[in-house]
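In our numbering, the protein residues as written are 115 to 684.
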């Protein structure tokens, strides 16, 4: 039976994913409350009969979000208590007395109460209770942030964190209710009223997010060097880029709302489709924020920063690309396993006569040189680096070809290129065989045992996503038609892969090398996110925006391939 230490690495990765899910559910809960109490209830006397019906749908969204919020908080509580009890060798009851456990428990109880009271929010004391629970949740959440651990005066950071969470909740978290309102209402005057009020709420939220974000950036990063020289700074810049995408979409929605104010007959199709993309990118922002909580603030990491010349040297294109691979038995893990097996044979051959039978029975059980998940960094040789770069460069060849063929398909003479999704399946098979040299089928670590290593687990998820959306997109290309529901698998899987890539990590002992490798993932992730949501807009819209999006996503895919071709680990 594997020890708890064999699962510590994957627990760390799961905690980041759980944190992202918690932030998402929290924001949708806050957003639903804000939509109900700041928009729907104040406007109900001015809305049509259709407009009044949307309250039931929004209350359902509130209930689902709140109960999911509670469920994720309880999962986080159980996970962290289990790890704390196992690593410190204390009882579960003692571990449950930790500050984080109390905070998660309070959050879960408050969220359950909100979920139970979600239906009929206007009845009696329910508005007071629901609104009153929001600051309780905020206070509990703030106890889990970087702000509470800052030296000196923590008040400004706590206020900034609270404003950040409230702003994200009202704006991004309110989008599902806003989208439901747009879909359920049929009257142009309802669209105008709801759009105008929500636009004002969103603008106030953006101001809160930007203002508090700037304050936290100064307090947590502290210098220009920490922006590009630390993982925290890189992830903050990633959040800023995603925020700019959201503001671009929000600006388009604002123009539509203003057009509605002048003419209630204005089409709101673009408003709805942009809102869908905003929800997707907003969820990505929450998972990026979850990654930030697992990193030390840049201002505290004064050693082992990456210098600007070091970054330039790493990202500078170099040719030729690596298309030949070292043999598997030349890799560090294979050599260590061979040494372990030889030492084990020597030990058994010297065993006393009384232990001969037992040694013979255990002859086939060779100890593993590497047990995944225990947080042990293996030395990295030149062959290991060459193996990894070979994998990435061949993946770049596949992806660059896919992007190029997708562009060729636009032309009337390029219909033959429509089979490009099959390359995704070929690439998935290649990566499954090659991506993790210590795991099955090449290595001695079994398939399920290897999943304790977060890097291996993430690779397996990415490979599955690549195979799935390649298959579904090929069917779409063969059958044709934008209305085919299977066509949505490709953009959703691509955007999801980009979001998960922002939480991806490599097990490398050298902090500078790890940061340089992770730095290459950020542009890959952002290009994947752009490609996925651009394809979504192509499918879900008509006219000029759809045509532009149909060219944007193949270029983004092509750029992913070019970035992979320049991937280096040394």
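Virtual Cβ for every residue (Gly too), placed ideally from N, Cα, C. This structure is a prediction, so every number in the text was calculated from the model and none was measured.
Close-in-space but distant-in-sequence residues of the same chain around residue i (CB under 7 Å, 5 per side omitted)
| i | result |
| --- | --- |
| residue 435 | 507, 679 |
| residue 244 | 147, 228, 231, 235 |
| residue 684 | 499 |
| residue 541 | 509, 512, 580 |
| residue 501 | 439, 440, 445, 551 |
Residue i (DSSP reduced to helix, strand or coil)
| i | result |
| --- | --- |
| residue 391 | helix |
| residue 420 | coil |
| residue 232 | coil |
| residue 441 | coil |
| residue 159 | coil |
| residue 553 | strand |
| residue 665 | helix |
Option nearest residue i by Cα separation, candidates the options
| i | options | result |
| --- | --- | --- |
| residue 151 | 163, 137, 315 | 315 |
| residue 629 | 581, 512, 418 | 418 |
| residue 127 | 593, 565, 226 | 565 |
| residue 600 | 454, 653, 661, 261 | 653 |
| residue 401 | 202, 246, 524, 356 | 356 |
| residue 640 | 647, 276, 612, 650 | 612 |
| residue 144 | 208, 379, 279, 371 | 279 |
| residue 305 | 266, 340, 330, 377 | 377 |
| residue 614 | 256, 637, 192, 230 | 637 |
| residue 157 | 266, 289, 217, 303 | 303 |
| residue 269 | 217, 445, 333 | 333 |
| residue 129 | 180, 574, 174, 187 | 187 |
| residue 372 | 424, 428, 311 | 311 |
| residue 261 | 246, 250, 277, 537 | 277 |
| residue 220 | 257, 576, 422 | 257 |
| residue 406 | 569, 125, 137, 682 | 137 |
| residue 442 | 656, 681, 558 | 558 |
| residue 676 | 182, 366, 433 | 433 |
| residue 339 | 416, 159, 655, 674 | 416 |
| residue 712 | 159, 546, 233, 273 | The chain is shown from 115 up to 684; residue 712 falls before or after that span and cannot be answered. |
| residue 632 | 569, 203, 385 | 569 |
| residue 131 | 584, 398, 528, 233 | 398 |
| residue 237 | 365, 173, 393 | 173 |
Cβ-Cβ distance between residue i and residue j below 9 Å
| i | j | result |
| --- | --- | --- |
| residue 347 | residue 412 | yes |
| residue 496 | residue 134 | no |
| residue 195 | residue 209 | yes |
| residue 149 | residue 292 | yes |
| residue 164 | residue 298 | yes |
| residue 560 | residue 608 | no |
| residue 254 | residue 224 | yes |
| residue 603 | residue 582 | yes |
| residue 429 | residue 634 | yes |
| residue 642 | residue 663 | no |
| residue 446 | residue 494 | yes |
| residue 343 | residue 421 | yes |
| residue 141 | residue 282 | yes |
| residue 350 | residue 321 | no |
| residue 374 | residue 309 | yes |
| residue 545 | residue 555 | no |
| residue 369 | residue 296 | no |
CB contact below 9 Å: residue i versus chain D
| i | result |
| --- | --- |
| residue 210 | In the structure shown, chain D cannot be found, because there is only a single protein chain. |
Cutoff 6 Å; reference residue i; Cβ partners in own chain excluding five residues on either side
| i | result |
| --- | --- |
| residue 285 | 316, 319 |
| residue 532 | 523, 591 |
| residue 504 | 436, 439 |
| residue 668 | 517, 520, 521 |
| residue 577 | 542, 545, 546 |
| residue 197 | 125 |
| residue 89 | A query on residue 89 cannot be resolved here, the shown segment of the chain reaching from 115 to 684 and no further. |
Buried versus exposed call for residue i [16 or more other C-beta atoms within 10 Å across all chains shown]
| i | result |
| --- | --- |
| residue 259 | buried |
| residue 154 | buried |
| residue 550 | buried |
| residue 218 | buried |
| residue 176 | buried |
| residue 201 | exposed |
| residue 266 | exposed |
| residue 162 | exposed |
| residue 263 | exposed |
| residue 388 | buried |
| residue 205 | exposed |
| residue 391 | buried |
| residue 451 | buried |
| residue 203 | exposed |
| residue 475 | Residue confidence is low: residue 475 scores 46 on pLDDT, short of 50, so the model does not pin down where it sits. No coordinate-derived value is stated. |
Neighbourhood of residue i by C-beta, 8 Å cutoff - its chain only, sequence neighbours within 5 removed
| i | result |
| --- | --- |
| residue 471 | Because the pLDDT at residue 471 is just 46, under 50, the model does not fix this residue reliably, and the point stays unresolved. |
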